[in-house]
Structures are given as C-alpha cells and as structure tokens.
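Protein chains in written order, with this note's numbering: chain A, 29 to 351; chain Z, 19 to 267. Heads up, the beta-carbon is just placed ideally off N, CA and C, and yes, glycines get one too. Comments concern the structure below.
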C-alpha cells in the first residue's frame with residue numbers, strides 16, 4: 029500500500045469514527061458538524077473532477093450546488109403541501125428520488141453552460157462560469173414562489189427507506205456512504221480511458237487533439253458529470269440544514285469549493301475530503317474565537333499556495349504518480 | 019502519377035501585412051518522402067500548422083485521401099489518419115512515455131468515452147503502445163514521465179505517438195531539431211523505413227538528412243514555393259542556390 033492510500037484510509041476512518049464517538053458521548057452537534065464536512069467534501073469532489081483532473085477552473089459550481097438544494101427543497105415543499113409538481117406529476121419526499129432528480133437537473137443545466145463556457149479558456153472561462161451562476165442566483169432571488177431572498181425552509185428532513193433521517197447519526201451515515209461511493213467512482217473514472225483523455229486535456233490539449241481526440245467533447249462530459257456530483261451534494265446539504273436559500277447559489281459558495289480543493293490537494297482523490305475537514309475545523313475553532321476567522325483562513329491559504337502547492341495531501345503523501 | 023495522398027492547392031495565410039503562406043501548392047504521393055526546406059521564417063511551420071488543422075488557412079484547399087479536409091479541425095484530421103509531430107515537443111508532461119503512447123492507441127481505437135475499465139491494466143492499450151516504444155528504442159524508459167525525458171528521447175516519443183496512430187500520412191516538423199549527429203543519423207535510417215508505411219511531409223533543416231531521405235523537395239521562401247523537384251534538380255537549381263543553399267554552403 030503506498031503512502032497516499034494509507035493517508036486516505038486514515039482520513040476516511042477519522043471522518044467516520046469521530047461522529048460515531050460524538051454520538052455515543054451524546055454530542056449531536058459534532059455529528060452535524062461532521063455531516064457538514066462530508067457534504068462539502070462531496071460537492072468539492074464534483075468540482076475536483078473538472079478542476080483537478082480536467083484543469084477547468086469553474087467559478088460557477090455554486091449554481092449546481094444550489095440547484096441540487098432547490099430540487100430537494102421544492103420537491104419537499106410540494107409534497108408537504110400535497111401539491112403536485114406540474115400538472116399531475118406528484119412531488120416526493122423520498123431521498124433517492126430527490127437525488128436522482130437533483131443529479132439530472134444539474135447535468136441538464138451544466139450541458140448548455142459547459143457548451144458555451146468551454147469555447148473559452150483561462151480567465152474568460154472563470155468569468156463566464158461565474159456569470160452563469162450569478163444569473164441563476166438572481167433568478168432564485170427574484171422568484172417569490174420559492175422564497176425569493178428568504179429561501180425555503182423544510183419542515184422536516186426527507187425520507188430514506190428504513191432510516192430515521194431526523195436523527196443526526198443516521199443522516200451522517202447516509203451522507204458518508206454517498207461520499208465514499210462517489211470517491212470510488214471518481215477513482216474508477218480517473219483511471220479509465222475517459223480519465224486519461226481528461227487529464228491529457230489538462231496537461232496539453234493540443235497533444236490530445238493531435239492524436240485525434242477533440243478536447244472539447246471530453247471536457248464537456250467532464251463538466252456535466254462534475255456538476256451532477258455537486259448537484260447531488262446540494263440536495264444532501266439542503267436536507268442537512270432543512271433549508272435552502274440563494275446563499276447556496278452565491279459566488280462565495282463557488283469560491284469556497286475552490287478553496288477546499290486547494291487546501292486539500294488539487295486532483296487528489298481525498299483532496300476535497302482533507303480540504304473540507306480543514307475548512308470546517310477552522311470555521312468552527314477560529315469562528316468560536318473571532319468573527320474574523322476568514323482572515324486567518326486566508327493566511328493559511330496563502331501559505332499553502334506559496335509553500336505547499338499540493339495542499340494537505342501533497343504534504344502528507346508526496347507527489348502524485350501516474351502509471 | 020497516382021492519386022496523391024495529400025494535395026494542397028493555392029493555400030494562403032496572412033498575419034496582418036505578412037504573407038506567411040502565399041499561394042502554396044504541394045502534393046504528397048504514396049510511398050514518398052517529400053521534404054520542405056527553406057530559410058528561417060519562410061513559413062514552413064505555418065504551413066504544417068494549416069495542414070494539420072491547428073491553424074485555419076485564409077483560402078485554398080487541403081485534400082487528404084481525396085477528401086476536402088479544409089473545414090475540419092485538428093482532431094478530425096488526425097482521426098482520418100494525418101499524424102503530426104511538433105517542432106517543439108508537445109507531450110502530456112505528467113504522463114509516462116508509455117501513457118503518452120497509450121493515449122494515441124486509445125484514440126486510434128476510437129474509444130475515449132469508456133468510464134470503467136482501468137487503463138493501467140488494459141493490455142489492448144499497453145501492448146501496442148509498448149511495441150511502438152520498442153520500435154523507437156524507448157522501451158527502457160517507458161515508465162519515466164515525459165517531463166523527465168531528455169530532449170532526444172522526447173523527439174523519439176513524438177515519433178512513437180505518431181506511429182501508434184497507424185496514420186495514412188506523416189507530417190514531421192523538424193524531427194531532428196536539437197539531436198546530436200549520432201541521433202540524427204539513426205533517426206534518418208528510421209524515417210527512411212517509414213515511407214513504406216505512409217508517405218511523409220518532412221520539414222527539416224538538416225540537409226544531410228533531407229538529401230538522404232527525400233524523393234522530392236519543395237523550397238519555400240517568403241511563403242512561396244520557388245522550386246519543386248528531385249534532390250538533383252533542387253541541388254542544381256540556380257535560384258534555390260541563391261535563395262537558400264548558397265547561404266548554407
């Protein structure tokens with residue numbers, strides 16, 4: 029087992045063990061905190077596919093995160109009020125159905141956004157993805173039916189067959205399982221032919237085109253899949269907070285996801301997990317000491333960018349290796 | 019003469035007032051190595067870029083295997099069987115030499131939207147890729163990242179990648195650039211054998227190599243072809259001697 033695998037395993041065990049311990053000690057707050065880590069990590073795993081593997085610095089992934097959240101919130105609200113969604117399509121409070129809807133919606137929205145944004149690169153790509161996300165943000169704010177600026181509160185968590193989702197630990201375990209399954213899929217895709225082409229597109233798009241693979245189509249699929257994962261996380265996040273609001277769609281959220289990846293290690297399987305752990309840890313510990321905790325987070329980020337480009341995983345397990 | 023593999027007609031490309039390609043017509047016949055020579059700044063690389071599709075011509079046509087490919091992008095032309103090498107090595111730097119070639123094998127098999135099977139254990143990719151590395155004498159360095167290969171090894175790797183595409187024509191842009199005399203000599207012998215696999219349009223500054231390899235030579239000066247002919251015809255052409263060879267001799 030190489031060092032990165034060991035580090036990954038330790039992170040996974042820590043993230044599982046800590047909330048189980050906290051639940052047994054009767055500290056549900058820490059379980060919720062760990063769930064926040066897991067859901068943010070999942071959202072960042074999505075972005076990591078586009079950014080880490082594909083080199084696509086999307087500054088608009090909050091759009092997909094928020095869309096996933098609104099899918100969960102809107103379906104739950106309709107179901108609670110007993111209103112059908114459209115003409116005779118019923119709403120639902122079933123998590124699996126909500127997840128599928130969130131993933132499909134995020135993917136469908138990502139395709140046209142990607143198709144337009146991917147015609148540009150560099151700073152223009154960053155700006156155009158940001159612009160699309162802001163478009164959706166302002167749309168949400170100005171749509172009173174679903175809370176507008178105030179967002180949507182959900183009176184109870186959606187349901188998962190056989191699990192009491194209202195309790196913190198079972199809900200944590202659902203989210204944790206979702207994260208682990210997604211990480212496994214991420215690893216598989218990374219090592220596949222598609223993953224090879226995607227990483228080659230990041231390293232040298234001209235080279236990829238010269239062997240006959242159009243980088244655009246590879247990047248577009250990666251962008252959509254990336255958005256689907258982040259949308260899935262959005263649905264889980266809404267259920268975690270029993271609330272969804274425009275803040276999930278705001279550019280701060282997009283920035284946060286990028287920060288998570290840089291903290292943890294860009295393109296590394298567990299980079300987003302490590303990043304989310306550091307982020308939430310500082311948010312909680314420093315946030316308890318000072319309201320200006322983000323100032324210190326900024327300093328840490330600066331240190332990482334200057335001295336530890338590989339993020340926490342780069343520090344712990346060295347350079348990544350390709351076969 | 020038989021139907022040319024690659025046929026360029028009246029190609030033009032300007033950058034502002036500079037006519038980088040000024041009405042160029044070239045044909046590449048089956049089994050031939052056609053060398054393109056000319057002084058620095060004559061527009062050789064610009065021409066290669068237009069043929070490969072990384073640069074769009076202002077006007078003129080490029081026919082490949084009897085089909086007009088002027089409107090196709092680089093990836094589409096590569097899929098038709100036009101394999102190029104770059105003047106300055108262009109590789110996936112973090113990937114090993116082997117993975118660079120595997121990418122070409124994967125492209126040739128037309129299968130980049132597969133999401134499950136792992137390439138690291140995919141013998142359909144590894145074995146053909148390894149065979150190409152062996153052909154260019156790079157098998158021993160298969161697992162070294164491209165970024166850590168020497169300059170000469172990168173040139174060899176570029177050629178292995180082009181070979182892995184089983185192309186219908188090669189476009190080689192100064193494959194000898196920066197190689198020592200020993201390396202150039204070996205590469206010359208190697209390229210000599212390639213003409214039977216696919217014809218080659220070769221841009222090269224190394225005149226020994228050009229005279230040893232070329233079936234035909236075209237001389238490009240200021241974006242125009244001033245002469246096309248066999249090695250002997252070009253050597254004895256007074257205009258070519260004045261414009262180009264005279265400076266070198």
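Assigned secondary structure, residue i (DSSP; H/G/I helix, E/B strand, else coil)
i	result
residue 348 of chain A	coil
residue 330 of chain A	helix
residue 241 of chain Z	coil
residue 142 of chain Z	helix
residue 268 of chain Z	In the structure as shown, chain Z begins at 19 and stops at 267. Residue 268 of chain Z is therefore absent and cannot be evaluated.
residue 37 of chain Z	strand
residue 102 of chain Z	strand
residue 182 of chain A	coil
residue 61 of chain A	helix
residue 88 of chain Z	coil
residue 31 of chain Z	strand
residue 220 of chain Z	strand
residue 117 of chain A	coil
residue 78 of chain Z	strand
residue 267 of chain Z	Only weak support exists for where residue 267 of chain Z lies, its pLDDT of 42 falling under 50; the value from the coordinates is given anyway. Correct three-state label for residue 267 of chain Z: coil.
residue 63 of chain Z	helix
residue 298 of chain A	coil
residue 336 of chain A	coil
residue 73 of chain Z	coil
residue 101 of chain A	helix
residue 194 of chain A	coil
residue 30 of chain A	coil
residue 54 of chain A	coil
residue 50 of chain Z	coil
residue 20 of chain Z	coil
residue 322 of chain A	helix
residue 226 of chain Z	helix
residue 284 of chain A	helix
residue 257 of chain Z	helix
residue 111 of chain A	coil
residue 124 of chain Z	helix
residue 293 of chain A	coil
residue 93 of chain A	helix
residue 341 of chain A	helix
residue 83 of chain Z	coil
Per DSSP, the bridge partner or partners of residue i
i	result
residue 44 of chain Z	Z:26
residue 122 of chain A	A:187
residue 247 of chain Z	Z:235
residue 55 of chain Z	Z:237
residue 271 of chain A	A:181
residue 86 of chain A	None; residue 86 of chain A has no bridge partner.
residue 114 of chain Z	Z:163
Supposed contact pair residue j and residue i - C-beta distance, whole angstroms, cut 8 Å
i	j	result
residue 165 of chain A	residue 274 of chain A	6 Å
residue 247 of chain A	residue 229 of chain A	6 Å
residue 218 of chain Z	residue 51 of chain Z	5 Å
residue 24 of chain Z	residue 101 of chain Z	Their Cβ separation, rounded to whole angstroms, is 12 Å, which puts residue 24 of chain Z and residue 101 of chain Z out of contact at 8 Å.
residue 53 of chain Z	residue 189 of chain Z	About 12 Å; that fails the 8 Å criterion.
residue 95 of chain Z	residue 82 of chain Z	7 Å
residue 43 of chain A	residue 261 of chain A	The pair is not a contact, with the Cβ atoms about 15 Å apart (cut-off 8 Å).
residue 116 of chain Z	residue 148 of chain Z	7 Å
residue 88 of chain A	residue 139 of chain A	Not a contact, Cβ separation roughly 14 Å.
residue 101 of chain A	residue 134 of chain A	In fact, because the Cβ distance is near 14 Å, the residues do not count as touching under 8 Å.
residue 92 of chain A	residue 131 of chain Z	That belief does not hold up - the Cβ atoms of residue 92 of chain A and residue 131 of chain Z are roughly 21 Å apart, past 8 Å.
residue 51 of chain A	residue 197 of chain A	4 Å
Q.
Taking beta-carbon pairs under 9 Å, can you tell me which members of the stretch 238-252 of chain A lie near chain Z?
A. 238, 239, 240, 241, 242, 243, 244, 245, 246 and 249
Q. Going along the chain, which residues of the stretch 132-157 of chain Z sit with their C-beta nearer than 7 Å to a C-beta in chain A?
A. 132, 133, 134, 135, 136, 137 and 138
Q.
Residues of the stretch 40-73 of chain Z in Cβ contact with chain A at a cutoff of 9 Å, in chain order, please.
A. 70, 71 and 72
Q) Relative to chain Z, which residues along the stretch 205-224 of chain A have a C-beta separation below 7 Å, given in chain order? A) 216, 217, 219, 220, 221, 222 and 224
Q) For the stretch 82-98 of chain Z, which residues have a CB atom closer than 9 Å to at least one CB atom of chain A, in sequence order? A) 91, 92, 93, 94, 95, 96, 97 and 98
Q: Report the residue ranges of all beta strand (DSSP E) runs contained in full by the stretch 209-261 of chain A; include only those spanning at least 3 residues, in chain order.
A: none
Q: Report the residue ranges of all alpha helix (DSSP H) runs contained in full by the stretch 147-214 of chain Z; include only those spanning at least 4 residues, in chain order.
A: 169-182 and 199-212
Q: Please list the residues of the stretch 310-328 of chain A that have a C-beta atom closer than 7 Å to any C-beta atom in chain Z, keeping them in chain order.
A: none
(Q) Counting only Cβ-Cβ distances shorter than 7 Å, please list the residues of the stretch 209-221 of chain Z near chain A, keeping chain order. (A) none
**Q.** In chain order, each beta strand (DSSP E) run of at least 3 residues that lies wholly inside the stretch 123-183 of chain A
**A.** none
Q. Residues in the stretch 166-193 of chain Z with C-beta within 7 Å of chain A's C-beta atoms, listed in sequence order?
A. 179 and 183
**Q.** Interfacial residues, the stretch 107-121 of chain Z to chain A, with Cβ spacing under 9 Å
**A.** 108, 109, 110, 111, 112, 113, 114, 116, 117, 118, 120 and 121
Q. If contact means a Cβ-Cβ distance below 7 Å, which residues of the stretch 225-237 of chain A contact chain Z?
A. 225, 228, 231, 232, 234, 235 and 237
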